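Using this note's numbering, the final residue of the sequence shown is 362, and nothing's skipped along the way. For glycine and all other residues, C-beta sits at the position ideal for the given N, C-alpha and C. In this text, all values refer to a predicted model and were calculated from it rather than measured experimentally. Structure first, then comments.
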Amino acid sequence: MNNLKKVKCCAAFDLYKKMKAAIFEKPGINNLKVDDSAEKPKATDHDVLVRVKTVGVNPIDHFAVSGTRQVKPLPHIPRAEISGIIEKIGDHVEDDNLKEGNKVIIHNKVFDGTCDMCLEGLDMLCRNGGLIGVVTNGGFAEYIAVPDKNVFKIPDDMGWDLAASLPVTTLTPYHALKDASLQVNESVLIFGASGNTGMMAIQFARKMGAKVIAVSKNEQVKDFGADYVINDYEKVVEQVREITQGKMADVVLNSVGVEAWQSSFDSVGVNGRLVTFGALTGADVKINVQSLYLRQVKLIGSTGGTRKQLKDVLSMSNQLKIKVWKRFKLEETKDALQALFAKDRDGRILIDVGRS
Ligand SMILES: [Zn+2]
């Protein structure tokens, strides 16, 4: 991150124009305020200015506000998963497909395009980058300016709720399944299956031709395509053994963290893959390395996704379903962030920023 300043991103500021935003000067959820005092970003020649419409709320947004993740600049506007309408295009933007008035989503990674990771197409791992809304201001605001390469046009008829669920909630499990090299006819075990990424993972796993075993107390996961539902968390390993006739799962997705760690690990079959991409219940786990190598289990950490994969996800978006639990106004951002940890959360939390 030392070279972060070299990465061109996100706006010079016009001091004379203000906008409404959720903003904080010091970490802490109670320090977050929503008012009209934030500076409106001005797109540089290579940037696109987006009028924010609907944003999805994710745990990272809470971590940014609470101080668990260090952010800059301060005062800071947190991130979120952003959809909106192009307000203005910089003079040197090369993508002729982008036009003012287009509906768009924003790939939420800052990247330089020149480091070894970027050259491999792994822009989300850019050595000089970071997350929009963590290393730059984010989308809990009326406007955001981002480089043109972060802006993806979406179909006019796409609903805003789905749009605001593509850059993180949809991309992350898609990338995780790609990292796991899930194959046709393999079995995949999905923990947190009724969570937002879980429901997307089910849909993608089905498209990839896998047998989907969902761990959830919510039978609704069947509507998203789960072949089997395990609702007794104490019996996951036993039931996976039964369903797979002793083979155990070829791929296990754990986006939950420590709470499901042991059953995740014990449910992977020989030569299987265990993928982790979240740790809401805690990140410190124990592992028996002998069991890992004797079964030749591949342990895979996965984060975000590439721009190419965001394109893939966009091309499949008309076949994807999401579930919205609660929606808030920008003024209610604090409530929206706190709702992330509600025990009865059942679907997406969205914030409608733009006036309709
Ligand atoms: Zn890079």
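Check	Outcome
Length-filtered (3 minimum) beta strand (DSSP E) runs lying within the segment 148-228	149-153, 157-159, 193-196, 217-221
Proximity winner among I112, M123, D341, L137, relative to P84 (alpha-carbon distances)	L137
Ligand 1 heavy atom lying under 7 angstroms from the CB of N134	yes
The segment 49-56 touching the segment 31-41, judged by at least three CB pairs closer than 8 angstroms	no
Coarse secondary structure for A255, derived from DSSP in three states	strand
DSSP state of E87 mapped onto helix, strand, coil	strand
Segments of 3+ residues assigned as beta strand (DSSP E) that fall wholly inside the segment 41-121	53-62, 87-95, 109-112
V140, DSSP secondary structure in three states	coil
G107 beta carbon near ligand 1 (any heavy atom closer than 7 angstroms)	no
Sufficient close CB pairs (3 or more, under 8 angstroms) joining the segment 182-200 to the segment 231-251	yes
In chain order, each alpha helix (DSSP H) run of at least 4 residues that lies wholly inside the segment 239-303	242-249, 267-273, 295-300
Supposed contact pair V218 and V257 - C-beta distance, whole angstroms, cut 8 angstroms	Between V218 and V257 the Cβ distance is about 10 angstroms, and since that is not below 8 angstroms, they are no contact.
Minimum C-alpha distance to A289 - residue among V262, N277, S269, N108	V262
Anticipated Cβ contact below 8 angstroms, G6 with V174, distance rounded	In the structure as shown, the chain begins at 7 and stops at 362. Residue 6 is therefore absent and cannot be evaluated.
Validate contact between the segment 147-154 and the segment 92-104 using beta carbons, cut 8 angstroms, 3 pairs	yes
Beta-carbon proximity of G215 to N237, cut-off 8 angstroms	no
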